[in-house]
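**Q**
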Amino acid sequence: MMTENGEPLVGHAELEVVVDGTLSDPQLNHPEGICSDADGNLWCGGERGEIYRIDRVSRSFKQVATTNGFALGLNFDDQGKLYICDSKHQSVFRYTPSSGELVNFSDGSDLAKMRFPNYPVYDPLRKVLYVSDSYGFGESGPGIWRIDVETGETVLWCSRSFDFANGLALSPDGKILYLAESRGDRNIYRIPIGADGRAMEAEVIVCVPNVILDGLVLANNGRLYLTCYEPSRIYRIDTYNPSSGLEIVAEDRTAHELCHPTNGVLVGTDLYVCNLGRWHITRIPLERVGV
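If you read the sequence shown in the UniProt record's numbering, its first letter stands for residue 1, the second for the next number, and so on.
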């Protein structure tokens, strides 16, 4: 285990800027969310609602759509449809790459509306999308929404209050949802999903003080990667043995190769992260240290 005073597993020289949208046209506009499709392309969003598709091989990208809002987390379902959280519109959009159709898919239920939809994760077993609601800066509140991707039916799935609920990750067996809390105690929560699909009591697996947690990426081996908006650092923890503590995977004290990383996605043995503080995508190679 690496302590906060230890050396990261992946050295600064190993970090690689693979897509640089600083001076391009269009510009990669401070991307916050990132995911990959079935073909291995990367997708990310911009702060004006831009939706970008990135060819990982050629490292080129193009804007394919826009919500005209502020695109945060995004993820695909198993039918190849992309869901985008938009904080300006306070709703979740759905984009269909095959047709180019973009629709405002859900803004909550008849009983309550989304306040700050931040990150979506898809559950292929139940055909639903879980969406964290950050609620408000300096104001804790519920929680996690669940959206049926076939009908659009939306319910407040977890009404527990969090202090800025942010990144989500679903275990491969669909039994556990993990959540990162960006403010307050800066906890990572483990939320069991009951046999009936209901949210069970949230449990803290680790507290990460003095940082601003943002995104979560879960590997198939149970390692959970934590992206930190501040400092520019990536942690990981073994969810099967959380008492083993945190490892520092990578960090950038100059805030250049990594600059306020918000979300990430694993493709093979590489972790790709977007940088809200700049205009590029960073590749963190994990083959040497293990995914």
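Note that beta-carbon positions come from the ideal geometry of N, C-alpha and C, so glycine has one too.
Would you check if the distance between the CB atom of Phe105 and the CB atom of Ser134 is smaller than 9 Å?
**A** Residue mapping note: residue 105 aligns to position 105 of the sequence shown, counting from 1. Residue mapping note: residue 134 aligns to position 134 of the sequence shown, counting from 1. No, they are not a contact pair.
**Q** Quick check: what's the CA-CA separation for Lys175 versus Asp25?
**A** Here residue 175 refers to the residue found at position 175 of the sequence shown. Here residue 25 refers to the residue found at position 25 of the sequence shown. When rounded, the distance between both Cα atoms is 43 Å.
**Q** Exposed or buried, Cys207, counting other C-beta atoms within 10 Å across all chains shown (16 or more means buried)?
**A** Here residue 207 refers to the residue found at position 207 of the sequence shown. Cys207 comes out exposed.
**Q** What residues are listed by DSSP as bridge partners for Pro97?
**A** Within the sequence shown, residue 97 is the residue found at index 97, counting from 1. Bridge partners of Pro97: none, in fact.
**Q** Tell me whether the region 80–100 and the region 37–47 touch, counting them as touching only if at least three CB pairs, one residue from each stretch, are closer than 8 Å.
**A** Enough Cβ pairs lie closer than 8 Å, so yes.
**Q** Mark Gly215 as exposed unless 16 or more other C-beta atoms lie within 10 angstroms of its C-beta, in which case mark it buried.
**A** The residue you call residue 215 lines up with position 215 of the sequence shown. When all chains shown are included, Gly215 counts as buried.
**Q** Is Glu230 helix, strand or coil by DSSP?
**A** By one-based count along the sequence shown, residue 230 stands at place 230. Correct three-state label for Glu230: strand.
**Q** Buried or exposed for Gly184, going by 16 or more other Cβ atoms inside 10 Å?
**A** Position 184 of the sequence shown, counted from the first residue, corresponds to residue 184. Looking at its Cβ environment, which holds fewer than 16 other Cβ atoms inside 10 Å, Gly184 is exposed.
**Q** Do the region 96–104 and the region 119–132 make contact, defined as three or more Cβ pairs closer than 8 Å?
**A** No contact exists between the region 96–104 and the region 119–132.
**Q** Is Val273 near Ala219, with beta carbons less than 9 Å apart?
**A** Position 273 of the sequence shown, counting from 1, holds the residue named residue 273. Position 219 of the sequence shown, counting from 1, holds the residue named residue 219. Cβ distance not < 9 Å, so Val273 and Ala219 don't count as in contact.
**Q** Pull up the distance between the alpha-carbon of Leu180 and that of Glu257, whole angstroms please.
**A** Walking along the sequence shown from the start, residue 180 turns up at place 180. Walking along the sequence shown from the start, residue 257 turns up at place 257. It should be noted that the sequence gives Ala, not Leu, for residue 180. About 23 Å.
**Q** Straight-line CA distance for Leu15 to Thr151?
**A** Position 15 of the sequence shown holds residue 15. Position 151 of the sequence shown holds residue 151. Those two C-alpha atoms are separated by around 42 Å.
**Q** What's the C-alpha gap between Arg59 and Gly245?
**A** Walking along the sequence shown from the start, residue 59 turns up at place 59. Walking along the sequence shown from the start, residue 245 turns up at place 245. Near 35 Å, if we compare the C-alpha coordinates of Gly245 and Arg59.
**Q** In this structure, how does DSSP classify Ser60 when only helix, strand and coil are distinguished?
**A** For the purposes of this step, residue 60 is taken as residue 60 along the sequence shown, with counting starting at 1. Strand, per DSSP.
**Q** Using a threshold of 9 Å, state whether the C-beta atoms of Pro261 and Arg223 are closer than that.
**A** Position 261 of the sequence shown, counted from the first residue, corresponds to residue 261. Position 223 of the sequence shown, counted from the first residue, corresponds to residue 223. In this structure, Arg223 does not lie closer than 9 Å to Pro261 by Cβ.
**Q** In three-state terms, what does DSSP make of Glu251?
**A** The residue you call residue 251 lines up with position 251 of the sequence shown. Strand, per DSSP.
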